[in-house]
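Each remark here refers to the structure printed beneath this line.
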Amino acid sequence: MATSGEAPESWYLALLGFAEHFRTSSPPKIRLCVHCLQAVFQFKPPQRVEARTHLQLGSVLYHHTKNTELARSHLEKAWFISQQIPQFEDVKFEAASLLSELYCQQLLLHNLVDSAKPLLRKAIQISQQTPYWHCRLLFQLAQLHTLEKDLVSACDLLGVGAEYTRVVGSEYTRALFLLSKGMLLMERKLGEVHPLLTLCGTIVENWQGNPIQKESLRVFFLVLQVTHYLDAGQVKSVKPCLKQLQQCIQTISTLHDDEILPSNPADLFHWLPKEHMCVLVYLVTVMHSMQAGYLEKAQKYTDKALMQLEKLKMLDSSPILSTFQVILLEHIIMCRLVTGHKATALQEISQVCQLCAQSPRLFTNHASQLHTLLGLYCLSVNCMDNAEAQFTAALRVSDLTTHQELWAFIVTNLASVYIREGNRDQELYNLLERINPDHNFPVSSHCLRAAAFYIRGLLSFFQGRYNEAKRFLRETLKMSNAEDLNRLTACSLVLLGHIFYVLGNHRESNNMVVPAMQLASKIPDMSVQLWSSALLKDLNKACGNTIDAHEAAQMHQNFSQQLLQDHIAACSLPEHNLISWTDGPPPVGQFQAQNGPSTSLASLL
Numbered sequence: 026m027a028t029s030g031e032a033p034e035s036w037y038l039a040l041l042g043f044a045e046h047f048r049t050s051s052p053p054k055i056r057l058c059v060h061c062l063q064a065v066f067q068f069k070p071p072q073r074v075e076a077r078t079h080l081q082l083g084s085v086l087y088h089h090t091k092n093t094e095l096a097r098s099h100l101e102k103a104w105f106i107s108q109q110i111p112q113f114e115d116v117k118f119e120a121a122s123l124l125s126e127l128y129c130q131q132l133l134l135h136n137l138v139d140s141a142k143p144l145l146r147k148a149i150q151i152s153q154q155t156p157y158w159h160c161r162l163l164f165q166l167a168q169l170h171t172l173e174k175d176l177v178s179a180c181d182l183l184g185v186g187a188e189y190t191r192v193v194g195s196e197y198t199r200a201l202f203l204l205s206k207g208m209l210l211m212e213r214k215l216g217e218v219h220p221l222l223t224l225c226g227t228i229v230e231n232w233q234g235n236p237i238q239k240e241s242l243r244v245f246f247l248v249l250q251v252t253h254y255l256d257a258g259q260v261k262s263v264k265p266c267l268k269q270l271q272q273c274i275q276t277i278s279t280l281h282d283d284e285i286l287p288s289n290p291a292d293l294f295h296w297l298p299k300e301h302m303c304v305l306v307y308l309v310t311v312m313h314s315m316q317a318g319y320l321e322k323a324q325k326y327t328d329k330a331l332m333q334l335e336k337l338k339m340l341d342s343s344p345i346l347s348t349f350q351v352i353l354l355e356h357i358i359m360c361r362l363v364t365g366h367k368a369t370a371l372q373e374i375s376q377v378c379q380l381c382a383q384s385p386r387l388f389t390n391h392a393s394q395l396h397t398l399l400g401l402y403c404l405s406v407n408c409m410d411n412a413e414a415q416f417t418a419a420l421r422v423s424d425l426t427t428h429q430e431l432w433a434f435i436v437t438n439l440a441s442v443y444i445r446e447g448n449r450d451q452e453l454y455n456l457l458e459r460i461n462p463d464h465n466f467p468v469s470s471h472c473l474r475a476a477a478f479y480i481r482g483l484l485s486f487f488q489g490r491y492n493e494a495k496r497f498l499r500e501t502l503k504m505s506n507a508e509d510l511n512r513l514t515a516c517s518l519v520l521l522g523h524i525f526y527v528l529g530n531h532r533e534s535n536n537m538v539v540p541a542m543q544l545a546s547k548i549p550d551m552s553v554q555l556w557s558s559a560l561l562k563d564l565n566k567a568c569g570n571t572i573d574a575h576e577a578a579q580m581h582q583n584f585s586q587q588l589l590q591d592h593i594a595a596c597s598l599p600e601h602n603l604i605s606w607t608d609g610p611p612p613v614g615q616f617q618a619q620n621g622p623s624t625s626l627a628s629l630l
């Protein structure tokens, strides 16, 4: 207890000092830190001290414990008391901001929207004279609307922020608001994204300030451009932007962090830490390599990114790192299914299940992708009933407003299941009508439209309508060659080669199958290599080329053996039972995953 001669501040400073000592100990002694802060209330402190202590307790409990209810209680008290105290903006708005973060985290577990929105709106209304907090709170309310899938309201708020920062003279944070709005507009596939990105590009290039901040704006802008091209399936057209992005991240990695604070308080933001940006650039490079059919390059950059993520996650619990990890795994799983490594792909699918089981928000955002991956795995091991069930589950849980490309991808693969089953004509025609590449194709993706032509060609081939099949496949070839879609090119060539072989045109068949085999070897695509080698064996045998026929037969046997061994290995894994999961949260109990002073804007949006 303080003696009568001690000033009130002395006991407060002593308890605060002890609390900070325990908080920063190695390892932190959070229980003792909380006891010290709680002891402050025994002295019946003045309102300012009481409000600040509630904020400190709420912050410690929120960041270092799982006791979110107690953290929430302290933060709400800090917010309530601080509103009654004039000139107390730092405590008032930090309490509102932390409460908003807590509400967003708990949003999927409890219905806290009704509590969060009025609080944030009031905080925004009374913070207009404090630019940093006003901008931060606008970002957070936009994030809340984004979590609710209300992208229109989120975009409106980001527009308000952009106008506010223009008035207070912060072109840097204006660019962050506009780029964030562009990111949401891209999700909704709205036309106004093009003029907005053009405006952003002008602002970014004209802004003169901290070099790291400027380069981070350029990375944000270029990431949006690259993903916009990739969403449209324009793998060749994106290359100049992707090269600029890779050069930009190299520039950032050579710059030293400048601790000088900006003169404008509205500029106290950064988009992502430099290390996170590096992982993100690896990620979009993997996305490009996979779409283009450079699967060994995709593997190389995935390995680099996952290694970097492993190091970062030791020190950083930011949820965005798990999101990056899941997206990387989703892409490399698809690559492994193509390259004939199904067992490894299955273990990585199980790893995605483990990550999604740890985060309800992550699972909500990736449930459809997870079922899609399982559907692709089922296709690769010829479990057609399970493939159909997985693709159907993926469609059921997908959000068609923001994942139209994913929907088209799932429908295309489900159509291939029906074609291979051969007895689902009505369902098949219903699906094909929804992805008709000749008429009102539902998405703007060049790649998916080319794939839709291929599916039509495959169906016509199985139905013996060879001239119609050739028309569809030539359309696929024209589109895939225009954008370097190597895998679609290889698939179309080998199918055309098969058609010409059936028609007895051996020379034309050979002209298709040889480049298909060369391209499939470069990718590498095991299924197309298997198919091509079987055709080459039959072609050379029909033409009397005994040596070439024997060589092709040997190749075919080698590919068959590799695929069979991988098939047996995959189906023997306990994770193979995942193919039966079609509803609810991911089952993780029975499977062991195989492990291969400023504000971060990415934590807000």
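Residue numbers for the sequence shown follow the working numbering, beginning at 26 and rising by one. Every residue gets a Cβ at the ideal spot worked out from N, C-alpha and C, and that includes glycine. Keep in mind the model is a prediction, meaning the values are calculated, not measured.
query                                                                                                                                                                                                : result
Would you check whether the ligand SAH has a heavy atom nearer than 7 angstroms to the C-beta of V468?                                                                                               : Absence of the ligand SAH is noted for the structure shown, with no ligands found whatsoever.
When the Cα atoms are used, what is the spatial distance from L334 to Y402?                                                                                                                          : 26 angstroms
Apart from the five residues on each side of it in sequence, which residues of its chain come closer than 6 angstroms, Cβ to Cβ, to Q153?                                                            : H159
Mind checking which residues open and close the alpha helix (DSSP H) that includes I604?                                                                                                             : No alpha helix (DSSP H) contains I604, which DSSP labels as neither H nor E.
Along the chain, where does the alpha helix (DSSP H) that runs through P298 open and close?                                                                                                          : Neither: P298 is in no alpha helix (DSSP H) and is coded neither H nor E.
Alpha helix (DSSP H) containing P287: first to last residue?                                                                                                                                         : No alpha helix (DSSP H) contains P287, which DSSP labels as neither H nor E.
Contact defined as beta carbons within less than 8 angstroms: I believe L637 pairs with L249. What is the distance between those atoms, to the nearest angstrom?                                     : Residue numbering for the chain in the displayed model covers 26 to 630; residue 637 lies beyond these limits and cannot be assessed.
Taking 8 angstroms as the threshold (C-beta atoms), are C61 and L38 in contact?                                                                                                                      : no
Just the Cα atoms here: how many angstroms apart are L626 and L603?                                                                                                                                  : Annotation note: pLDDT 44 at L626 (below 50); position unreliable, no value reported.
Whole angstroms are fine: how far does the CA of H88 sit from the CA of E45?                                                                                                                         : 14 angstroms
Using DSSP with H/G/I as helix, E/B as strand and the rest coil, what is C408?                                                                                                                       : coil
Starting from the C-beta of L134, find all residues in its chain whose C-beta is less than 6 angstroms away, skip the five residues before and the five after it, and write them out in chain order. : Low local confidence applies: a pLDDT of 46 at L134 is under 50, so the model's placement there is unreliable, with the coordinate-based value given in what follows. So the list is empty, once near-sequence residues are dropped.
Alpha helix (DSSP H) containing N465: first to last residue?                                                                                                                                         : First-last for N465: undefined, no H or E at that position.
Between the C-alpha atoms of H170 and F388, what's the straight-line distance to the nearest angstrom?                                                                                               : 18 angstroms
Looking at L203 and C225, is the spacing between their C-beta atoms short of 8 angstroms?                                                                                                            : yes
Could you give the DSSP three-state label for S423: helix, strand or coil?                                                                                                                           : coil
Quick test of the definition: if touching needs 3 or more C-beta pairs under 8 angstroms, does the region 334-343 touch the region 357-370?                                                          : no
From which residue to which residue does the alpha helix (DSSP H) around Q112 run?                                                                                                                   : Per DSSP, Q112 belongs to no alpha helix (DSSP H) and is neither H nor E.
Which residue comes first and which comes last in the alpha helix (DSSP H) that contains D573?                                                                                                       : T571 to S597
Out of L371, H295 and P385, which one is the CA nearest neighbour of T397?                                                                                                                           : L371
Evaluate G482 with the Cβ neighbour count: other Cβ atoms within 10 Å of its Cβ, from every protein chain shown; 16 or more gives buried, anything less gives exposed.                               : buried
In its own chain, which residues sit with a C-beta less than 6 angstroms from the C-beta of A167, not counting the 5 before and 5 after it?                                                          : A179, L182 and L183
Apply the 10 Å Cβ neighbour rule to D591 and answer buried if 16 or more other Cβ atoms are within range, or exposed otherwise.                                                                      : buried
Taking Cβ to Cβ, would you say A574 is nearer than 8 angstroms to N565?                                                                                                                              : yes
Please work out which residues of its chain come closer than 8 angstroms, Cβ to Cβ, to L456, disregarding the five sequence neighbours upstream and downstream, and give them in chain order.        : V436, L439, A440 and Y443
Taking the beta carbon of Q238 as the centre, do at least 16 other beta carbons fall within 10 Å, making it buried, or is it exposed?                                                                : buried
Let me know the secondary structure DSSP gives H366 once reduced to three states.                                                                                                                    : coil
Using CA coordinates, which residue listed in V306, E500 and A257 is at the minimum distance from K268?                                                                                              : V306
Nearest-angstrom Cα distance between W432 and S423?                                                                                                                                                  : 7 angstroms
Let me know the secondary structure DSSP gives V229 once reduced to three states.                                                                                                                    : helix
If the criterion is Cβ atoms closer than 8 angstroms, does the pair E212 and L176 meet it?                                                                                                           : yes
Touching or not, the region 320-334 and the region 273-284, by the rule of three or more beta carbon pairs under 8 angstroms?                                                                        : no
Report yes if the CB atom of S485 is closer than 8 angstroms to the CB atom of A494, and no otherwise.                                                                                               : yes
Rounded to the nearest angstrom, what separates V363 and Q81 at their Cα positions?                                                                                                                  : 52 angstroms
Mark C360 as exposed unless 16 or more other C-beta atoms lie within 10 angstroms of its C-beta, in which case mark it buried.                                                                       : buried
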